[in-house]
Amino acid sequence: MSPRRHLLTAGIAWVVLSVLGVIVVTGWQIIPVIASREAEIENGAFVLLAAASVPVLMFVVVGLVYSALRFRATDDLAEGPPVHGHTPLQAAWVASSLLLVLGLFAYGTVGLVEIRGAQTADFEVNVKGEQWIWHYKYPATGVVSTELHIPVGRRIHLNITSIDVIHSFWVPAFGVKQDAVPGRPTQIYMTATDIGTYPGMCAELCGLGHTSMTTTVVVSDQAALDAWLTQQLQAPPS
Amino acid sequence: MIAAARPSFVPGPGLPRAVLGAVIGFAVGGGGLAAAGAAGAAGLAPDAGQILGLGYLVGLLGFLLGIGAFRFWLTWAAGREIDAAEEHAAHGRAGDWRRYFRFTTDHKVIGVQYLVTAFVMFFTAGTAAMFMRFELAQPGVATSKDLYNTIMSTHGAMMITVALISIVGGLGNYLVPIMVGARDMAFPKANALSYWMLPLAILLVVLNPLLGGFDTGWTAYPPLSQQANLGQQAYLMAFVTVGVSSILSAINFLVTVFRMRAPGMSLMRMPIFVWALTVTAAIALLATSVVAAAFTMLLLDRLLGTSFFRASRGGDVILFQHLFWFYSHPAVYIMGLPGLGAILEVVPVFARKPLFAYPLAVLSFIMIGVMSFMVWAHHMFVSGMAEFFHIPIMLTTELISVPTGIVFLSALGTIWMGSLRFKVPMLWVFGFVWAFLIGGITGVFLADVPTDITLSDTYFVVAHFHYTIVGGTIFGLFAGTYYWFPKITGRMYDERLGRLHFWWFTLAFNLTFLPMFWLGIEGMRRRVADYPAEFGLVNLFVSIAAVNIALSVAVFLFNMVRSWRTGPQAAANPWRAQTLEWQISSPPPVDNFDRIPTVTATPYQYGAPGPGSPAPAPAEGGLAP
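Order-wise, the sequence lines are chains A and B. The first sequence maps to residues 0 to 237 in numbering that gives the first Met the number 0. The second sequence maps to residues 0 to 624 in numbering that gives the first Met the number 0.
What follows is the structure in structure tokens.
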């Protein structure tokens with residue numbers, strides 16, 4: 000077979016597999032539970048990156064598999080063609096990979112600004128990490144708890160601190176994760192979109208009890224939240 | 000006679016005296032400090048950490064004095080003539096096994112020392128991984144969380160060291176001088192010194208569980224690392240020692256490459272493996288001092304009451320992360336580039352084609368080296384560092400995939416239309432391309448801030464860096480070890496066992512780490528001894544696959560040991576390769592070359608000229624007759 004025929008056959012295989020792969024990937028919800036605006040944005044980023052990865056993956060895989068099948072040595076002394084390079088191909092490779100990553104960077108920047116850009120909120124909670132438990136304080140009412148309760152559909156500000164080592168506050172369903180750093184408060188801004196109860200945890204190794212440093216987050220409507228806050232004020236602190 | 004000429008205060012060389020020196024040194028340093036404290040001298044009341052610190056420092060000095068690391072320099076400094084016969088004897092005699100246990104200055108001996116040390120560490124740290132997979136096979140805690148943290152941290156610390164030293168110290172030391180046409184490294188004594196700094200440091204890491212272990216992982220983030228046990232301090236001191244050794248060896252490589260090349264060996268005729276090692280050495284030289292400084296500051300915080308990283312007294316814990324990753328991300332390329340170099344060295348030989356786009360590959364290595372210093376903070380996207388800093392770091396991190404991608408262009412371009420021979424080294428090349436590709440693609444998800452917020456500190460990260468470090472370094476190490484085994488030992492390995500090792504390892508490796516991407520996306524955190532029950536089945540699957548990695552490595556070990564002892568004699572050039580090391584006998588003579596060769600072309604003049612092609616390649620692999 001001529002070099003051109005080899006390129007054509009492998010090229011067709013690449014295009015077909017890439018198209019199939021992109022179709023499969025595009026339908027996916029990659030983050031398993033999505034309960035916030037931020038997680039929704041991140042899931043979109045996952046799908047786009049996965050779709051962009053498919054042609055790259057297929058290009059290399061088709062190249063490898065096709066070569067392994069078709070370019071085996073015919074005898075002990077057989078040699079390949081003495082080709083040292085191909086300038087247009089090399090230029091095209093560099094240019095296309097450069098364009099691809101610049102595109103991904105632009106998309107990533109837009110997503111980053113969407114997630115972390117607007118630093119305003121209408122409900123505030125102080126989150127405090129301690130080996131090995133999360134504490135919450137609601138400054139508007141003075142309520143303290145070890146369960147996080149937030150309203151649905153409103154912009155939340157979590158002001159995160161740590162009193163001992165570095166922890167990391169993570170609620171997978173919200174797509175938010177932020178280290179709790181001693182001596183340096185950090186912030187999360189987010190909007191929960193679905194009422195429910197979600198697991199949260201510490202994501203940064205913080206010593207012996209790191210594994211069991213988990214927490215619960217309750218998203219409810221404003222009325223239910225207000226009722227809970229009032230009840231906490233009346234109940235003796237546990 | 001030689002012994003009589005030696006000044007009486009210089010200890011004689013040898014491993015027994017080195018051990019004695021270490022014990023005496025530890026006793027003098029640590030014991031002296033403790034005794035001074037007990038006597039109440041000058042109000043000293045040293046704690047265990049300070050005793051361990053000074054004891055280790057003086058003990059290491061005693062060890063190096065005992066092994067004979069300083070004897071020539073001390074003689075020279077004392078104004079005496081260095082005994083030429085003793086200096087020559089330190090080079091080692093061919094066929095003498097004892098040279099591997101001495102302060103031997105032959106770069107080939109040092110290469111084998113590094114390589115064997117690295118593989119012993121690889122097996123040890125692999126055993127630690129087996130323990131981890133045992134604990135993680137089922138939800139719940141079967142052993143103890145504390146033990147898990149310590150074993151996990153030790154596994155990481157040791158594997159990082161394996162990745163740092165195996166190809167650079169092992170294959171690099173053995174091959175770079177020969178490949179550039181030199182008789183040894185530029186500084187043979189400093190070369191031996193950089194190896195002999197390691198055994199005590201490695202021992203300290205292995206023994207850290209006896210000192211209470213450490214639970215921070217290899218990253219040693221304060222404040223956790225400030226409150227952790229003595230085992231933590233042992234790790235910090237050991238890592239600084241490895242760093243000093245690494246800087247010393249980097250200087251040696253750079254001077255060797257730039258000053259010791261044979262006539263005609265212009266920079267653009269150097270084998271790609273030498274280029275990889277050159278860039279690696281430049282990174283190691285420039286970056287390592289930063290982590291050594293960070294770890295030293297941490298040690299000072301622990302031992303002498305400073306507050307570099309103590310938030311309660313005005314220190315900054317994020318500063319540590321910046322310093323740590325300013326080294327430790329470039330370090331990923333210190334681990335990876337030598338593997339890429341080994342792979343690209345193997346490809347043309349088994350594809351019987353010139354290395355595709357050699358000048359571009361060299362440029363890409365240099366670009367990787369430069370850019371590796373600009374991407375460190377992508378490890379800190381959720382750390383609370385300055386908000387604006389996410390954007391430039393995301394850009395540089397994604398841009399570095401352009402030069403890294405050129406490695407794929409070179410490998411694929413060489414393979415395409417080649418005349419492929421699937422000997423064991425070539426199998427590892429194919430395994431490498433797949434594994435490193437998965438590592439690269441998943442890296443983009445971690446470089447992108449929106450997806451990284453979800454993925455950071457999960458098993459996705461664990462899977463990603465195993466695909467890059469095992470895919471890049473370990474696959475490259477295996478490819479290189481099989482490829483150069485006949486040169487180093489003078490014997491052939493067993494091809495069938497090699498194939499078994501490759502297929503078993505590669506299959507088990509993928510079955511172990513591919514499911515971890517899923518675990519990470521589903522929300523399983525890294526560095527935990529326990530996990531939600533719903534991940535139980537996948538973790539059991541991963542654990543079983545991981546055991547298979549260990550079993551396949553046992554095949555490798557058996558093959559290497561048996562072939563080294565009883566394998567068939569290897570020819571000087573069994574692969575018909577064109578680099579210089581294949582133009583001399585297997586194993587090479589002690590002084591490498593009878594006559595320094597003259598080089599006339601790049602070592603990639605493969606390929607049958609078709610009609611209308613340029614003149615045939617020069618005979619003897621680019622060597623002038």
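We put the CB at the ideal spot given by N, CA and C, even for glycine. Being a predicted model, the structure only gives us computed values, none of them experimental.
Check                                                                                                                                                                                       : Outcome
Measuring CA to CA, which of B/588, B/602 and B/360 is closest to residue 105 of chain B?                                                                                                   : B/588
Would a check of beta-carbon distances place residue 203 of chain A closer than 8 Å to chain B?                                                                                             : yes
Return the first residue and the last residue of the alpha helix (DSSP H) that residue 495 of chain B is part of.                                                                           : 494-521
Can you determine whether any heavy atom of the ligand NAD sits closer than 7 Å to the C-beta of residue 221 of chain A, and answer yes or no?                                              : Absence of the ligand NAD from the depicted structure is noted, as is the absence of any ligand whatsoever, leaving it without description.
What residues of chain B sit near residue 5 of chain A, judged by a beta carbon separation below 9 Å?                                                                                       : 415 and 416
So what's residue 16 of chain A in DSSP terms, helix, strand or just coil?                                                                                                                  : helix
Could you spell out the range, first to last residue, of the alpha helix (DSSP H) harbouring residue 83 of chain A?                                                                         : Per DSSP, residue 83 of chain A belongs to no alpha helix (DSSP H) and is neither H nor E.
Residue 185 of chain A and residue 159 of chain A look like a contact to me (Cβ under 8 Å); what is the Cβ gap, rounded to whole Å?                                                         : 5 Å
Closer than 8 Å, Cβ to Cβ, to anything on chain A: give me those residues from the stretch 386-402 of chain B, in chain order.                                                              : 386, 389, 390, 393, 394, 397, 398, 400 and 401
In the structure shown, what three-state DSSP assignment does residue 219 of chain A receive?                                                                                               : strand
Threshold first: 4 residues or longer. Then list the alpha helix (DSSP H) segments lying entirely within the stretch 176-222 of chain B, N to C.                                            : 187-195 and 197-205
Roughly how many angstroms lie between the CA atoms of residue 121 of chain A and residue 387 of chain B, to the nearest whole one?                                                         : 24 Å
Answer yes or no: does any C-beta atom of chain B fall closer than 8 Å to that of residue 92 of chain A?                                                                                    : yes
Apply the 10 Å Cβ neighbour rule to residue 221 of chain A and answer buried if 16 or more other Cβ atoms are within range, or exposed otherwise.                                           : exposed
Taking the alpha carbon of residue 389 of chain B as the reference point, which residue from A/13, A/49, A/109 and A/82 has its own alpha carbon closest?                                   : A/109
Could you name the residues that DSSP lists as bridge partners for residue 167 of chain A?                                                                                                  : A/178
Can you name, in chain order, every residue of its own chain whose Cβ lies under 8 Å from the Cβ of residue 32 of chain B, other than the five neighbours on each side?                     : 43, 45, 49, 50, 53 and 54
Closer than 6 Å by C-beta to residue 236 of chain B: which residues in its own chain qualify, once you throw out the five before and the five after it? Chain order, please.                : 55
So, for residue 170 of chain B: in the same chain, excluding its five sequence neighbours on each side, which residues have a beta-carbon less than 6 Å away from its beta-carbon?          : 479
Is DSSP giving residue 619 of chain B helix, strand or coil here?                                                                                                                           : Interpretation of residue 619 of chain B is limited by its pLDDT of 43, a score under 50 that renders its predicted location unreliable; the figure taken from the coordinates is listed afterwards. Helix, per DSSP.
Do you know offhand how far residue 28 of chain A's Cα is from residue 227 of chain B's?                                                                                                    : 41 Å
Find the residues of chain B that neighbour residue 31 of chain A, judging by a C-beta separation of less than 9 Å, and give them in chain order.                                           : 520, 521 and 522
For the stretch 26-61 of chain B, which segments carrying the beta strand (DSSP E) assignment without a break, of at least 3 residues, lie completely within its bounds, in sequence order? : none
What does DSSP give as the partner residues of residue 199 of chain A in its beta bridges?                                                                                                  : A/214
Return the first residue and the last residue of the alpha helix (DSSP H) that residue 404 of chain B is part of.                                                                           : 400-414
Under the rule that 16 or more other beta-carbon atoms within 10 Å means buried, what is residue 230 of chain A, buried or exposed?                                                         : exposed
Out of curiosity, what's the CA-to-CA distance linking residue 119 of chain A and residue 212 of chain B?                                                                                   : 44 Å
Have a look at A/58, A/26, A/39 and A/1 and flag the residue whose alpha-carbon is nearest the alpha-carbon of residue 11 of chain A.                                                       : A/58
Within 10 angstroms of its Cβ, does residue 138 of chain A collect 16 or more other Cβ (buried), or is it exposed?                                                                          : exposed
Do you know whose CA, among B/420, B/600, B/162 and B/428, lies nearest residue 73 of chain A's CA?                                                                                         : B/420
Along the chain, where does the beta strand (DSSP E) that runs through residue 186 of chain A open and close?                                                                               : 185-190
In whole angstroms, give me the CA-to-CA distance for residue 77 of chain B and residue 128 of chain A.                                                                                     : 59 Å
Taking the Cβ atom as the reference point for each residue, do residue 191 of chain A and residue 168 of chain A lie within a distance shorter than 8 Å?                                    : no
Looking at C-beta atoms only, is the number of pairs between the stretch 488-508 of chain B and the stretch 575-582 of chain B that lie closer than 8 Å three or more?                      : no
Tell me whether residue 139 of chain B sits in a helix, a strand or coil according to DSSP, three-state version.                                                                            : coil
According to DSSP, which residues form a beta bridge with residue 122 of chain A?                                                                                                           : A/155
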